[in-house]
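From first to last, the protein sequence lines are chains A and B.
The opening position of the first sequence corresponds to residue 75 in this note's numbering, with each subsequent residue numbered one higher.
The opening position of the second sequence corresponds to residue 75 in this note's numbering, with each subsequent residue numbered one higher.
All C-beta atoms, glycine included, are put in the ideal place defined by N, C-alpha and C.
Working notes, structure below.
Protein chains: 2
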Amino acid sequence: MSDTKYDVLAIGNAIVDIIAKCDGAFLAEQDIAKGGMTLIDMARAEQLYSDMGPAVETSGGSAGNTAAGIASFGGKVAYIGKVADDHLGKVFTHDIKAIGVDYDTLPLESGETTARSMILVTPDGERSMNTYLGACGKLSSKDIDADKVAQSKITYFEGYLWDPADAKDAIREAARVAHENDRLVAMTLSDAFCVDRYRDEFLELMRSDTVDICFANDGELKSLYQTSDLQTAIACIRDDCNLSAITMGAEGSMIVTREKTGQIDAQPIDELVDTTGAGDLYAAGFLFGMTNGKELGECAILGGIAASEVIQHIGPRPQTSLKELAQQSGL
Amino acid sequence: MSDTKYDVLAIGNAIVDIIAKCDGAFLAEQDIAKGGMTLIDMARAEQLYSDMGPAVETSGGSAGNTAAGIASFGGKVAYIGKVADDHLGKVFTHDIKAIGVDYDTLPLESGETTARSMILVTPDGERSMNTYLGACGKLSSKDIDADKVAQSKITYFEGYLWDPADAKDAIREAARVAHENDRLVAMTLSDAFCVDRYRDEFLELMRSDTVDICFANDGELKSLYQTSDLQTAIACIRDDCNLSAITMGAEGSMIVTREKTGQIDAQPIDELVDTTGAGDLYAAGFLFGMTNGKELGECAILGGIAASEVIQHIGPRPQTSLKELAQQSGL
Chain A
75 MSDTKYDVLA IGNAIVDIIA KCDGAFLAEQ DIAKGGMTLI DMARAEQLYS
125 DMGPAVETSG GSAGNTAAGI ASFGGKVAYI GKVADDHLGK VFTHDIKAIG
175 VDYDTLPLES GETTARSMIL VTPDGERSMN TYLGACGKLS SKDIDADKVA
225 QSKITYFEGY LWDPADAKDA IREAARVAHE NDRLVAMTLS DAFCVDRYRD
275 EFLELMRSDT VDICFANDGE LKSLYQTSDL QTAIACIRDD CNLSAITMGA
325 EGSMIVTREK TGQIDAQPID ELVDTTGAGD LYAAGFLFGM TNGKELGECA
375 ILGGIAASEV IQHIGPRPQT SLKELAQQSG L
Chain B
75 MSDTKYDVLA IGNAIVDIIA KCDGAFLAEQ DIAKGGMTLI DMARAEQLYS
125 DMGPAVETSG GSAGNTAAGI ASFGGKVAYI GKVADDHLGK VFTHDIKAIG
175 VDYDTLPLES GETTARSMIL VTPDGERSMN TYLGACGKLS SKDIDADKVA
225 QSKITYFEGY LWDPADAKDA IREAARVAHE NDRLVAMTLS DAFCVDRYRD
275 EFLELMRSDT VDICFANDGE LKSLYQTSDL QTAIACIRDD CNLSAITMGA
325 EGSMIVTREK TGQIDAQPID ELVDTTGAGD LYAAGFLFGM TNGKELGECA
375 ILGGIAASEV IQHIGPRPQT SLKELAQQSG L
């Protein structure tokens, strides 16, 4: 095994978030599934934007948020994701490079705009996402830099990549290269509805050892095994995957290995403002910890530190140095 | 005096903010005047964007923020300001209309992009603004809807409008129409450097009774009268203007009329995050109060409520309903 250049290579849909507050009635009027991610076309995107309240634009994308979080911890991280050569593409590119992530995926020259997700945040802090994938639909094996995969301790990708046409082939290829180089492969299940769309494929990824580490929240895990009982789902994933980290909101997180299950408390917060990015930042802390010699319990605490930062403000990426927050916690 | 349709008509530079955190060393390296607003050209804008950290994009512009704040209080408010027909122009237009502000200034078809201000926020919460004016440079008398001026209890404008070429003529014309219809005219001094650029003209606006109400912070007021003593400056503005509201950060605000001076405490806050928009939102609360039958002391409290909301998060516009915050304070 040669030296690594990166702790983590993250691969995902490169998205700019358009975040607005709304009440529950607006979600109902607009027929939006609360807490989920719905794919929309451009006409719907324009109609929803016109109907929704004033917004804040900020770079997002699940794996992009995770990469930003790892960089904020001081980790070495690269990102692969497809934007278009337009204003939002430039914003996405600026933001992810400015936080210290290595990013050079070729932007799409024509045909589609940069992806955007209209995220509606209700007073309980829950976010409901409406995503126009645009240029993300064109991510393919050609965008995967095999050298970066080979040089990364962990290659991490989002389940959402099963939505665009060719990205899943790119991921399978990346996983092959990673394992050929004795690296690890991690994924997030992304969203309960996403799990519902690709359940069999996600299970196959774990059962074939294409994926070594799985991130999920409790809802996604229950969706994966089509059960309402979390303990049943945990018993199932213990069989299917070497290592899983299951987030449970205010209840903290659970680490599930072949041998045992450990629970780690959530970090205390002052006020829940916007849950966007909570799972992504948990993964950032966990992966930063794993690739920097921390015990699994410490990895989960780092995940909780990152998640607690991001849910106390609007937007899916840290606004405070996670490295400093980790140091304040003695990690 | 006919009926009014609007409490306030706000006129200003229509700007999208690009907000990033930085440390004091970055300001020094980039030779940026801390706490002020510096005008920059496109080349400098691109260089600074490339050097600065990850950012959040959100609609701004001083008078635009004030208009958004008045709408958030439930006031009736219109806005005039010039964007271009581009992505950022659409963002600005969406955001100001979505919060309930009447806005229909014709966008610029070609030649300049929508204005942007790169705002750097240091750990002490202070913001330093670097503004490319773009399309704002084309605001002219043609953009002033005389009916809207005549139908507004107060026409409010920002001192920053003395930077673009033709806006000051537009403002003088608006003030004439307002006074012809027995309405009031208010302005903000905007920025101590801006005061330095247009001191004589700003003083003339007040001494000629073109302006009835003046908003300023203590630094701007001292700059106006070129004194380091706030009491001296207050004595001067008492002579020059019918009504002034002077904000003093954590020290609250001072209301200065021909007869007397009253001081109102600042609202308590948990954490100072970003002072961007503090003065704009103070003006929003004050103007909403004035146009809705409140005593001057109550107007200042409403100003303090709005300012305290906006400085506790990143971004210059309220993220919470100011109407609800005012109700919680019994106003």
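Give every residue of the same chain whose Cβ lies closer than 6 Å to the Cβ of A:Ala-152, excluding the five residues on either side of it in the sequence, and list them in chain order. Here residue 152 of chain A corresponds to residue number 78 of the first sequence, with the count starting at 1. Apart from the 5 residues on each side of it in sequence, A:Ala-152 sits with its Cβ closer than 6 Å to the Cβ of Tyr-80, Leu-83, Asp-176, Lys-222 in its chain, given in chain order.
Using DSSP bridges, identify the partner residues of B:Arg-190. The sequence position of residue 190 of chain B within the second sequence is 116, counting from 1. By DSSP's assignment, B:Arg-190 forms a beta bridge with B:Val-90, B:Tyr-206.
How would you label A:Ala-324, buried or exposed, when you count the other beta carbons within 10 angstroms and need 16 or more for buried? Here residue 324 of chain A is taken as the residue at index 250 of the first sequence, counted from 1. Here A:Ala-324 is exposed: its Cβ has fewer than 16 other Cβ atoms, across all protein chains shown, within 10 Å.
Can you tell me where the beta strand (DSSP E) with B:Phe-289 in it begins and where it stops? Along the second sequence, one-based indexing puts residue 289 of chain B at 215. Counted as a single uninterrupted DSSP element, the beta strand (DSSP E) harbouring B:Phe-289 occupies residues 287-291.
Drop a sphere of 10 angstroms on the beta-carbon of B:Gly-336, count the other beta-carbons inside from all chains shown, and report buried for 16 or more, exposed for fewer. Locating residue 336 of chain B in the second sequence gives position 262, counting from the first residue. Residue burial annotation: B:Gly-336 is exposed, with fewer than 16 other C-beta atoms found within 10 angstroms of its C-beta.
Since A:Leu-122 and A:Asp-237 should fall inside the 8 Å C-beta cutoff, what is the C-beta to C-beta distance between them, to a whole number of angstroms? Counted from its first residue, the first sequence places residue 122 of chain A at position 48. Counted from its first residue, the first sequence places residue 237 of chain A at position 163. Cβ atoms of A:Leu-122 and A:Asp-237 stay farther apart than 8 Å, at about 18 Å.
Identify which residue in A:Gln-104, A:Gly-208, A:Asn-87, A:Ile-89 has its Cα closest to the Cα of A:Asp-115. Here residue 115 of chain A is taken as the residue at index 41 of the first sequence, counted from 1. Ranking A:Gln-104, A:Gly-208, A:Asn-87, A:Ile-89 by Cα distance to A:Asp-115 puts A:Gly-208 first.
Given B:Leu-258 as reference, the closest of B:Thr-196, B:Lys-156, B:Phe-231 once Cα atoms are compared: By 1-based counting over the second sequence, the position of residue 258 of chain B is 184. Per the Cα distances, B:Phe-231.
B:Val-223: first and last residue of the uninterrupted alpha helix (DSSP H) it sits in: Here residue 223 of chain B refers to the residue found at position 149 when the second sequence is read from its first residue. Its alpha helix (DSSP H) spans residues 220-224.
Exposed or buried, what is A:Leu-399 when buried is set at 16 or more other beta-carbons lying within 10 Å of its beta-carbon? Against the first sequence, residue 399 of chain A aligns to sequence position 325. Counting other Cβ atoms within 10 Å of its Cβ, A:Leu-399 reaches 16 or more and is therefore classed as buried.
Within this structure, are the beta carbons of B:Ala-266 and B:Gly-233 separated by less than 8 Å? Your numbering for residue 266 of chain B matches position 192 in the second sequence. Your numbering for residue 233 of chain B matches position 159 in the second sequence. A distance of 8 Å or more separates the beta carbons of B:Ala-266 and B:Gly-233.
I'd like to know whether the C-beta atoms of B:Ala-407 and B:Leu-355 end up nearer to each other than 8 Å. The displayed coordinates of chain B run from 75 to 405. Any statement about residue 407 of chain B would go beyond what the structure contains.
Quick check: what's the CA-CA separation for B:Met-280 versus B:Tyr-299? Translated into positions along the second sequence, residue 280 of chain B becomes position 206. Translated into positions along the second sequence, residue 299 of chain B becomes position 225. Their backbone Cα atoms lie some 13 Å apart in a straight line.
Counting along the chain, where does the alpha helix (DSSP H) carrying B:Ala-152 start and finish? Working through the second sequence from its first residue, we reach residue 152 of chain B at position 78. In the DSSP assignment, B:Ala-152 falls outside any alpha helix (DSSP H) and within the unbroken beta strand (DSSP E) covering 151-154.
Could you round the C-beta distance between B:Ala-142 and B:Ile-170 to whole angstroms and report it? I think they count as a contact, below 8 Å. If you number the second sequence from 1, residue 142 of chain B lands on position 68. If you number the second sequence from 1, residue 170 of chain B lands on position 96. Right, their Cβ atoms sit about 6 Å apart.
Looking at chain A, is there any beta carbon in it that lies within less than 8 Å of the beta carbon of B:Ile-89? Translated into positions along the second sequence, residue 89 of chain B becomes position 15. For B:Ile-89, no CB of chain A lies under 8 Å from its own CB, so it is not counted at the interface with that chain.
Short-range partners of chain A found in the region 150-179 of chain B, where Cβ spacing is below 8 Å: Correct list: Asp-160, His-161, Leu-162, Val-165, His-168, Asp-169, Ile-170, Ala-172, Ile-173.
If you check the beta carbons only, do B:Gly-371 and B:Gly-359 fall under 8 Å apart? Taking the first residue of the second sequence as 1, we reach residue 371 of chain B at position 297. Taking the first residue of the second sequence as 1, we reach residue 359 of chain B at position 285. For B:Gly-371 and B:Gly-359, no; Cβs fall outside 8 Å.
Just the Cα atoms here: how many angstroms apart are B:Ile-89 and B:Ile-308? The residue given as residue 89 of chain B occupies position 15 in the second sequence. The residue given as residue 308 of chain B occupies position 234 in the second sequence. When rounded, the distance between both Cα atoms is 31 Å.
Under 7 Å by beta carbon: chain B residues contacting A:Gln-337: For this step, residue 337 of chain A is matched to residue 263 along the first sequence. Using a Cβ-Cβ cut-off of 7 Å, A:Gln-337 is close to nothing in chain B; its nearest Cβ partner there is about 30 Å away.
Neighbouring residues, chain A, relative to B:Tyr-234 (Cβ below 7 Å): Here residue 234 of chain B refers to the residue found at position 160 of the second sequence. Correct list: empty, because the minimum Cβ distance to chain A is about 21 Å.
Between the C-alpha atoms of B:Gly-110 and B:Ala-249, what's the straight-line distance to the nearest angstrom? Taking the first residue of the second sequence as position 1, residue 110 of chain B is located at position 36. Taking the first residue of the second sequence as position 1, residue 249 of chain B is located at position 175. Rounded to whole angstroms, the separation of the alpha carbons of B:Ala-249 and B:Gly-110 is 27 Å.
For B:Asp-274, which of B:Ser-297, B:Ala-260, B:Ala-241 has the nearest alpha-carbon? On the second sequence, residue 274 of chain B is found 200 positions in, with the first residue counted as 1. Here the closest residue by C-alpha is B:Ser-297.
Apart from the five residues on each side of it in sequence, which residues of its chain come closer than 7 Å, Cβ to Cβ, to A:Phe-276? For this step, residue 276 of chain A is matched to residue 202 along the first sequence. Hits under 7 Å: Gly-233, Leu-263, Val-269, Leu-298.
What are the residues of the region 125-139 of chain A that lie near chain B, defined by any Cβ-Cβ distance shorter than 9 Å? For the region 125-139 of chain A, which is checked against every Cβ of chain B, the residues closer than 9 Å are Asp-125, Met-126, Gly-127, Pro-128, Ala-129, Val-130, Glu-131, Thr-132, Ser-133.
To which residues of the same chain is A:Asn-255 closer than 6 Å at the C-beta, ignoring the five residues directly before and after it? Mapped onto the first sequence, residue 255 of chain A falls at position 181. Beyond the five residues adjoining it in sequence on each side, A:Asn-255 comes within less than 6 Å, by CB distance, of Ala-224 in the same chain, given in chain order.
Chain-ordered chain A contacts of B:His-387 [CB-CB under 9 Å]: Position 313 of the second sequence, counted from the start, is the residue given in the question as residue 387 of chain B. Identification of chain A residues near B:His-387 by a Cβ-Cβ cut-off of 9 Å yields Val-347, His-387, Ile-388, ordered along the chain.
Can you give the Cα-Cα distance for B:Met-192 and A:Asp-313, rounded to whole angstroms? By 1-based counting over the second sequence, the position of residue 192 of chain B is 118. By 1-based counting over the first sequence, the position of residue 313 of chain A is 239. About 51 Å.
Given a cut-off of 8 Å, decide if A:Gln-386 and A:Ile-338 are closer than it, judged by their beta-carbon atoms. For this step, residue 338 of chain A is matched to residue 264 along the first sequence. For this step, residue 386 of chain A is matched to residue 312 along the first sequence. The answer is no: Cβ separation not under 8 Å.
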